[in-house]
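In UniProt numbering, the protein residues as written are 1 to 518.
By construction, the Cβ of each residue, glycine as well, lies at the ideal position given by its N, Cα and C atoms.
A quick note: this is a predicted structure, and the numbers were derived from the prediction, not measured.
Here the structure is laid out as structure tokens; the discussion comes afterwards.
Structure (structure tokens):
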């Protein structure tokens, strides 16, 4: 264990245990090294485990899945034998009937599987519990959420489907988390999916588990486009669930990822649009948008007479070009379509509305011309959008995020005006203008409430169950609050407003889209 040097001193062959653990330089002096002698600590020299004769397995292997694993080499074989005995014929979520061992609830976090395998097993279990195949999930996603905001391309989903069908190796963890976020984005699973056979796989449990798995994925893969898309969909789900502050945190993570990688302009545009949707619900007046729209020579003013592409022709062209491989041609096609052109104008209106309503002091007298101009542009934009959507279907009108967000800024804009009129002291010269502005704002809010009632009645229909209701929860709450104030003031006499119906629609929405006990 020790050797004699030329000067007659004795030195150890290996560094001492204390210096090795502290990563310090050891002079290997025997029996006590200089460092230990200086600190007056015990100095022990041991032969490294790899140098010992008949080396053995370590009982503690912290480097594997960060858990304690027994050193017995038969433990893994025992686990494999258990899985082998459970094999049976089963229809897997990909639609293939073959010999397959469905993951049990106790196997989601097996210490003998990699993290990728654990997350993949959980994703398959959720697909099985919701009774939907991966292909059916993709079809439903592109039929619902993708028609609102384009964040995931068909090409990316095709890659995910191929990785799930590869039985040799588990897919990357970011693929599995993206599938789970897609499930949440289309409203699956619902709160009733909770039985002894499926475990606690309701919407709330899947959301909480997915959030934890995304944190693991970030630690493993760092930054990737699939993780950014996952965070975007989670932010949308949190906004739908009435948690805008949490949604904004998720979206800022998505924004940070996209700044570190190269993404298409369509992705940048979708993130900017979603940020405005969430910012409408943030109470803090100090938060400003972190994103800007790509430079696509967009119009900045809304007008009734602006010529836009035919939406019917756009829907046909978008279907024909959905599977094109060229990103540049796909981007040019998207920029020219009716929906993106309208939503691009809407983002500019949202920024101006938030800037006006969040000002420290809204002076109706001094900002009278500015308020009238913005109000006129919002109404002109809404009229042009509704006329354009009449060429498609009534369902598209009710489920359009452009229409929903326009009514959202109408509520914010006119509620801010009424609040300013109620708190500021108006002079005699401006009393007439104040009354005129109050009547104008109340009329606009009544019209918005009428539209919200139409949407609530539409959402009771069977064909509307799969629609992703962007902004509908917040519009419904604003409409109920406005109508109740009008009814208390006796201003709804002689007019029929189904306030209770709106309350029931809000309850149905909460059961369908919101998370429980969070």
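Practice task
Answer with buried or exposed for residue 162, where buried requires no fewer than 16 other C-beta atoms within 10 angstroms of its C-beta.
Solution key: exposed
Problem - Three-state secondary structure assigned by DSSP to residue 456 - result: helix
Exercise for the section: Could you give the DSSP three-state label for residue 10: helix, strand or coil? Expected result: strand
Handout entry: Collapsed DSSP secondary structure at residue 29 in the structure displayed
Key = strand
Exercise for the section: Would you check if the distance between the CB atom of residue 475 and the CB atom of residue 407 is smaller than 8 Å? Expected result: yes
Exercise for the section: Measure the CB-CB distance between residue 468 and residue 223 and report whether it falls below 8 Å. Expected result: no
Practice task
Determine contact between the segment 257-270 and the segment 203-212, defined as no fewer than three beta-carbon pairs at a distance below 8 Å.
Solution key: no
Exercise for the section: Inspect the beta-carbon positions of residue 233 and residue 153 and report whether they are closer than 8 Å. Expected result: no
Exercise for the section: Output the distance between the C-alpha atoms of residue 149 and residue 343, rounded to the nearest integer angstrom. Expected result: 10 Å
Problem - Other residues of its chain near residue 46: CB distance less than 8 Å, five sequence neighbours each side excluded - result: 14 and 17
Exercise for the section: Quick one: using the 10 Å Cβ neighbour count with 16 as the cut-off for buried, is residue 437 buried or exposed? Expected result: buried
Problem - Where residue 271 falls, given that 16 or more other Cβ within 10 Å makes a residue buried - result: buried
Practice task
May I ask you to check if the CB of residue 411 is nearer than 7 Å to at least one heavy atom of the ligand FAD?
Solution key: No copy of the ligand FAD appears in this structure; indeed no ligand is present at all.
Handout entry: Distance, residue 129 Cα to residue 117 Cα
Key = 18 Å
Problem - Distance between residue 142 and residue 510 (C-alpha atoms, nearest Å) - result: 24 Å
Exercise for the section: Inspect the beta-carbon positions of residue 498 and residue 453 and report whether they are closer than 8 Å. Expected result: yes
Problem - Assigned secondary structure, residue 74 (DSSP; H/G/I helix, E/B strand, else coil) - result: Summary for residue 74: the model assigns pLDDT 39, below 50, so the residue's position carries little reliability, and this model does not support an answer.
Practice task
Only counting runs of 4 or more residues, tell me where the alpha helix (DSSP H) segments fall wholly within the segment 356-422, in order along the chain.
Solution key: 368-389 and 394-399
Practice task
Can you give me the start and stop residues for the alpha helix (DSSP H) that residue 481 sits inside?
Solution key: 472-488
Problem - DSSP-derived helix/strand/coil call for residue 516 - result: coil
Handout entry: Contact under 8 Å by Cβ, residue 221 with residue 174
Key = yes
Practice task
Give me the Cα-Cα distance between residue 236 and residue 378, rounded to the nearest whole angstrom.
Solution key: 24 Å
Practice task
With a 10 Å radius around its C-beta and 16 neighbouring C-beta atoms as the bar for buried, classify residue 138 as buried or exposed.
Solution key: buried
Practice task
Keeping to the same chain, check which residues put their C-beta closer than 7 Å to that of residue 241; ignore five residues upstream and five downstream.
Solution key: 513, 514 and 515
Exercise for the section: Along the alpha helix (DSSP H) that carries residue 519, what are the first and last residues, could you check? Expected result: Nothing about residue 519 can be reported from this structure: the residues present for the chain run from 1 to 518 only.
Practice task
Please say whether residue 217 and residue 225 have beta carbons closer to each other than 8 Å?
Solution key: no
Practice task
Using the Cα positions of residue 144 and residue 114, report the straight-line distance between them to the nearest angstrom.
Solution key: 34 Å
Handout entry: C-beta atoms of residue 374 and residue 356 nearer than 8 Å
Key = yes
Exercise for the section: Buried or exposed for residue 146, please, with buried defined as at least 16 other CB atoms from any protein chain shown within 10 angstroms of its CB. Expected result: buried
Exercise for the section: For residue 352, I'd like the list of residues in its chain whose CB is within less than 7 Å of its CB, leaving aside the five on either flank, ordered along the chain. Expected result: 374
Practice task
Excluding the 5 residues preceding and the 5 following residue 32 in the sequence, name in chain order all residues of the same chain whose CB lies nearer than 7 Å to its CB.
Solution key: 43
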